[in-house]
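Those sequence lines, one after another, are chains S and D. The working numbering puts the first residue of the first sequence at 8, with every later residue one more than the last. The working numbering puts the first residue of the second sequence at 575, with every later residue one more than the last. Reading through the structure tokens given below for one structure.
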Amino acid sequence: MSEKQTLLVIGNGMVGQHFLATLVKNPIKEQYNIVTFCEEPRAAYDRVHLSAFFSGTSAKELSLVEDGFFEQNDITIHIGDKAVSIDREQKIVTSEKGIQVHYDKLVLATGSYPFVPPVPGHDRPQCLVYRTIEDLEAMTEAAKTGKVGTVVGGGLLGLEAAKALKDLGLQTHVVEFAPRLMAVQLDDAGGAMLRRKIEALGVVVHTSKNTSLITDGEQCVNKMCFADGEELETDIVLFSAGIRPRDDIARACGLDVGQRGGIVINNDCKTSDPDIYAIGECALWNGMIYGLVAPGYAMARTVVNNLAGNIDSSFTGADMSTKLKLMGVDVASIGDAHAKTQGAMVYSYQNGASEVYKRLVVSEDKKYLLGAVLVGDAAGYSTLLQYCLNGIELPENPDALILPSRSDESVGLGVDALPASATVCSCYNVTKGSICSAIEAGCTTVDDLKQQTQAATGCGGCATLVKSVLNSELAKQGYAVNTDLCEHFAYTRQDLVNLIRVKQIKTFTELLTEHGKGLGCEICKPTVASILASQWNEHILETDHAALQDTNDKFLANMQKDGTYSVVPRITGGEISPDMLIALGQVGKKYQLYTKITGGQRVDLFGARLEQLPLIWKELIDAGFESGHAYGKSLRTVKSCVGSSWCRYGVDDSVSLAIELENRYKGLRSPHKIKFAVSGCTRECAEAQSKDVGVIATENGWNLYVCGNGGMKPRHADLFATGLDKATLIKTIDRFLSFYVRTADRLQRTSVWMENMEGGLDYLKSVIIDDKLSLGEELEQQMQTVIDTYQCEWKTTIENEEKLKHFRYFINSDATDDNVIFVEERGQIRPARDEERKHFNLVEVA
Amino acid sequence: MQWQNVCSVADLAENSGVCALVNGLQVAIFYIPDIRSTNLSLFSNPVYAINNYDPIGKANVLSRGIVGDINGQLIVSSPLYKQHFNLETGRCLENETVAVPVYACRIDEDRVQVDTRLVAPLRQLIKQGTE
Ligand code: SRM
Ligand SMILES: Cc1cc2nc3c(=O)[nH]c(=O)nc-3n(C[C@H](O)[C@H](O)[C@H](O)COP(=O)(O)OP(=O)(O)OC[C@H]3O[C@@H](n4cnc5c(N)ncnc54)[C@H](O)[C@@H]3O)c2cc1C
Ligand code: SF4
Ligand code: FES
Chain S
8 MSEKQTLLVI
18 GNGMVGQHFL
28 ATLVKNPIKE
38 QYNIVTFCEE
48 PRAAYDRVHL
58 SAFFSGTSAK
68 ELSLVEDGFF
78 EQNDITIHIG
88 DKAVSIDREQ
98 KIVTSEKGIQ
108 VHYDKLVLAT
118 GSYPFVPPVP
128 GHDRPQCLVY
138 RTIEDLEAMT
148 EAAKTGKVGT
158 VVGGGLLGLE
168 AAKALKDLGL
178 QTHVVEFAPR
188 LMAVQLDDAG
198 GAMLRRKIEA
208 LGVVVHTSKN
218 TSLITDGEQC
228 VNKMCFADGE
238 ELETDIVLFS
248 AGIRPRDDIA
258 RACGLDVGQR
268 GGIVINNDCK
278 TSDPDIYAIG
288 ECALWNGMIY
298 GLVAPGYAMA
308 RTVVNNLAGN
318 IDSSFTGADM
328 STKLKLMGVD
338 VASIGDAHAK
348 TQGAMVYSYQ
358 NGASEVYKRL
368 VVSEDKKYLL
378 GAVLVGDAAG
388 YSTLLQYCLN
398 GIELPENPDA
408 LILPSRSDES
418 VGLGVDALPA
428 SATVCSCYNV
438 TKGSICSAIE
448 AGCTTVDDLK
458 QQTQAATGCG
468 GCATLVKSVL
478 NSELAKQGYA
488 VNTDLCEHFA
498 YTRQDLVNLI
508 RVKQIKTFTE
518 LLTEHGKGLG
528 CEICKPTVAS
538 ILASQWNEHI
548 LETDHAALQD
558 TNDKFLANMQ
568 KDGTYSVVPR
578 ITGGEISPDM
588 LIALGQVGKK
598 YQLYTKITGG
608 QRVDLFGARL
618 EQLPLIWKEL
628 IDAGFESGHA
638 YGKSLRTVKS
648 CVGSSWCRYG
658 VDDSVSLAIE
668 LENRYKGLRS
678 PHKIKFAVSG
688 CTRECAEAQS
698 KDVGVIATEN
708 GWNLYVCGNG
718 GMKPRHADLF
728 ATGLDKATLI
738 KTIDRFLSFY
748 VRTADRLQRT
758 SVWMENMEGG
768 LDYLKSVIID
778 DKLSLGEELE
788 QQMQTVIDTY
798 QCEWKTTIEN
808 EEKLKHFRYF
818 INSDATDDNV
828 IFVEERGQIR
838 PARDEERKHF
848 NLVEVA
Chain D
575 MQWQNVCSVA
585 DLAENSGVCA
595 LVNGLQVAIF
605 YIPDIRSTNL
615 SLFSNPVYAI
625 NNYDPIGKAN
635 VLSRGIVGDI
645 NGQLIVSSPL
655 YKQHFNLETG
665 RCLENETVAV
675 PVYACRIDED
685 RVQVDTRLVA
695 PLRQLIKQGT
705 E
């Protein structure tokens, strides 16, 4: 023991603790007896997430110290005892409680205190600050009796404090000296946008206000008087007007301090006494005090390395970029947000309606990102920060990075573009390289990575980026989605299309024997059935194909939860005559089906039993209906608006075109379902821009949109071609659809297909419109074959004894499924729920 | 009463299922002539019978599922939510604790026969699985 030196740390705050935690992982710790003074009544806790205390996070949960940390590492901690003096001659530190410790090396991590402007009355009751757990307890206490709370200071911390007051149920004001909020990080426009957002939340913002006096209030405990003569009654006054380094103890022992405070340190984080270091918010480096944890942590690591004799490691400044959510408003600032750099150029984007403001500061040659401000939407933060920190060259049009239109991914910087040395997590200085090594060593989840590398365990700002790195690395290591269709075919869907076309394969069995193994499964069978149908278009219930079909295709109807089916006849373009409507109603009535108008402009009849399907369809076909293919991965509906025939704004006949298109492509089997719509003018009543294929009439002809999607991940369609005459329009759609059918993956809608396509929309245009692959004619021909061989699947089925056999419920009995039970609701049937089956008297309709 | 004649082979659907009513039970019968070209089953029995009720989707639909093999197990995939049931053991591949009753099934000349007493070793399994 005795040959060990003593290392003393004053202050056990965030940085002091990070220093200890880093030190004990380094072998150098064996050379020291470690002692620390901790003024607060508890060891280090997470100040960054202090506000979480209000939402119920306990002091214990905020703790940054693992259970048993001090004991296990032989660290002596004097809790609730403050160091009061340093004798540098004797190398002795004395505490308030009279403890004296001799040190060989001393680390000052005393942090800072909230600055309270010396306004007369600043020490009145309920004038508080916001830094420690005790401060929060005082706020909570004061809020119990008060109604109004005012924060002095509209910076980062002030706004966070305002949120806390608001959450405590107080009428909240923010008083700021400067003309805008977050003056340090934001420019005027950004500050104004933030102000609007925060005011919308019910917080009153007063800018350019100088408090001159705090005195007795009339309705409230306090009254604030401003230099401009205005007054504000408030119960609580919360000062958040900046921080001041706690350098008194250093000053008293003669260490160099800055003019405006802060213990001066060099790149090794040494003070003017080579045996004394200073780190965190008390330290002044290069004239700067850093009020953020990340730079403090970097200083802590520098000292550990320095003690260990690693002289290369030095502190050379830190990035002050920040991203946070203030009262639910995303705010981020990166680098040189104010464009102070010589020659800097600025791009800005402002959307008053959605309250988004974004600003990019780029170098004179437009090659590099110098800074950025984001308010209202900080989704691009990680990407922009990486451009800035790693000096990555910007894309040709840097404004694409802040303009909305395209999805974030498409303009985002792929994580693959980051060098291994790029810092991903600045709190814990974790590089992309070290994340990759951790993944190589077996981490497969973000949680694993947090444990292994500490990335994303500080401010949390890097979490999305960490996740992207993880995903991309896993993909590279072969955890990638295996592109084989399934265990029976080591091919993609596109490979199979080519095999089937080139080798003229007509059945699943042929394909399986020659190119697959086993019996097949519910993935490859329907997929191959669909490819065969789109190539050769034989009836899907032919003996060779029937067993391949998903149940919906196999019974040409959609199975419902109770094993019954729905029936959806085609109503082209949504146009239907009264007679047809009556016929439909009669069938529904006769078979007691539940009837509903679908989202696709047609009628769905539910509750048909398997054995009833042919009977129902016979009647429908006799009445002039045909299959609506609601069961297939095929063309669903072509939605129309009424268009020029009736509508006073109609530019062209949208109904006729919709009907023509629906009749042309009905029955086409495809990787997933396909939906169309045609609108008669740009008012777009048919919602064509949400469809796989959308057409809108204009004075100059038809405009064609492609690859839209509703459903799970809605996507606006892209404008593909404009001012087309009908012939060209149809030719273009023919090619587009054939190309989709050939090259998309199983269950891939056109939207996802296009987004995953290398080259995206431009490539698609070059293939379909410019015919870059000289496929045009072939694609059109393929479509023509399908059109020429169209048959109403239901008509063929009811005319064929063999096919009708599928629709017997029991092969050996005329009985029916006694588990199908309906109850009545609003005058129609619906399947009985589980509880109803047990407890209620059931009406059986059969 | 053990083996009962249910139907003729021509009533079955190749590489697919049909449903039969046997002793008041809904029995899904799968006919897989292609099994002979694989090494999936020791005896290359072309017919399999299980109860038609899908305990997960809670409806009588299993005969309408797609048959095939997954990891060397002969399966039917439920048409409702696509879980796989092993045609020989009745076990659900996605959920160990779920199983459907399996019955003995054979082709005798042209007749398809089913014995609806549970296949012996499975009785216990189903008891465990459903309790
Ligand atoms: C009946 C209907 C709802 C209604 O009562 O209105 C419906 C019902 C079903 N939809 Fe739908 N969708 C219906 C319109 C829509 C629409 C609206 C539209 O077409 O304008 C959408 C969003 C638009 C789109 O697809 O881009 C829609 C997006 C979906 C999706 C999500 C697709 C996606 O790309 O995210 C699914 C799931 C899937 O296909 O994988 C789905 C699947 C289904 C299935 C097939 C689910 C199933 O497997 O049981 C439902 C069975 C239909 C049946 O039994 O007849 N349905 N579905 C509508 C039938 C329209 C028709 O006449 O054919
Ligand atoms: C509400 C709030 C939100 C914040 N949000 C963020 C954020 O989102 N991102 C970010 O990067 N930063 C944020 N910060 C700033 C961050 O908390 C500080 O940068 C960080 O705590 C600095 O660490 P430190 O160890 O230097 O100081 P501190 O954490 O303050 O620790 C100093 C400790 O030393 C003790 N001490 C002082 N003098 C003595 C003495 N003589 N003897 C013994 N002990 C002494 C003090 O009592 C204190 O416990 C936030 C701060 C607050 C208050
Ligand atoms: S889209 Fe145009 S034509 Fe169609 S209904 Fe609306 S206004 Fe009329
Ligand atoms: S950057 Fe703060 S946790 Fe990673």
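We put the beta carbon where it would ideally sit given N, CA and C, even for glycine. Since the model is a prediction, treat every value here as computed from it, not as a measurement.
Annotation: Cβ neighbours of S651 of chain D in chain S (cutoff 8 Å, chain order): C528 and E529. Between the region 252-269 of chain S and the region 277-284 of chain S there are three or more C-beta pairs closer than 8 Å, enough to call the two in contact.
Taking the CA atoms as reference points, T430 of chain S sits about 16 Å from S321 of chain S. When rounded, the separation of the alpha-carbon atoms in G467 of chain S and M334 of chain S is 17 Å. In this structure, S:G128 is the residue among S:C531, S:G128, S:E667 and S:V16 with its C-alpha nearest to the C-alpha of F233 of chain S. Per the coordinates, the alpha-carbon of L667 of chain D lies some 15 Å from the alpha-carbon of P653 of chain D. For G783 of chain S, there are no neighbours in chain D by C-beta distance under 7 Å, as the nearest C-beta there is about 37 Å away.
Burial state of D777 of chain S is exposed, judged by a 10 Å Cβ sphere holding fewer than 16 other Cβ atoms. Rounded to whole angstroms, the Cβ separation of Y52 of chain S and Q12 of chain S is 29 Å, and the two are not in contact under 8 Å. One thing to note: S697 of chain S has its Cβ within 8 Å of the Cβ of N716 of chain S.
Distance between F814 of chain S and E784 of chain S, taken at the CA atoms: about 41 Å.
Relative to ligand 2, even the nearest heavy atom lies 7 Å or more away from the CB of S92 of chain S. D682 of chain D is bridged by DSSP to D:R685.
When CB distances to chain S are screened at a threshold of 7 Å, the residues of the region 582-596 of chain D falling below it are D585, A587, E588, N589, S590, V592, C593, A594 and L595, in chain order. Taking the Cβ atoms as the reference, H552 of chain S lies roughly 7 Å from L539 of chain S, within the contact range of under 8 Å. N819 of chain S has a beta carbon lying within less than 8 Å of a beta carbon in chain D.
Close partners of A554 of chain S in chain D (Cβ separation under 8 Å): A587, E588, N589, S590, I640 and V641. DSSP lists S:T101 as the bridge partner or partners of S92 of chain S. When C-beta distances to chain S are compared with 8 Å, the residues of the region 620-636 of chain D below that value are Y627, G631, K632, A633, N634 and V635, in chain order.
Taking CB atoms only, I606 of chain D has a neighbour in chain S less than 8 Å away. Between S479 of chain S and the set S:H180, S:F727 and S:C443, the nearest pair of CA atoms involves S:C443.
Among the residues of the region 793-824 of chain S, those with a Cβ less than 9 Å away from any Cβ of chain D are K812, H813, R815, Y816, F817, I818, N819, S820, A822 and D824, in the order of the chain.
Shortest gap from the CB of N19 of chain S to any heavy atom of ligand 2: under 7 Å. In terms of beta-carbon proximity, I681 of chain D stays away from the interface with chain S, with every pair separated by 8 Å or more.
When S:G18, S:E843, S:G63 and S:T64 are compared, the shortest CA-CA separation from V42 of chain S is found for S:G18. Interface annotation for the region 362-391 of chain S against chain D: empty, criterion Cβ-Cβ distance under 7 Å. Annotated as distal: V596 of chain D and N626 of chain D, with beta-carbon spacing of 8 Å or more. The closest heavy atom of ligand 2 lies 7 Å or more from the beta carbon of R202 of chain S. Separation of L391 of chain S and L201 of chain S (C-alpha to C-alpha, rounded to the nearest whole angstrom) is 20 Å.
For A448 of chain S, the number of other beta carbons within 10 angstroms of its own is below 16, and it is reported as exposed. In this structure, K216 of chain S lies near E183 of chain S, with their beta-carbon atoms less than 8 Å apart.
Residue pairing by DSSP puts W709 of chain S in a beta bridge opposite S:A704 and S:L731. Contact annotation for T612 of chain D against chain S: G525 and L526 [CB-CB distance below 7 Å, chain order]. Proximity of the region 90-103 of chain S to the region 171-180 of chain S falls short of the contact definition, fewer than three beta-carbon pairs being nearer than 8 Å.
Short of 7 Å from the beta carbon of L220 of chain S, and not among the five residues preceding or following it, lie these beta carbons of its own chain, in chain order: V126, P127, G128 and C232. The C-alpha of H546 of chain S lies about 10 Å from the C-alpha of A536 of chain S.
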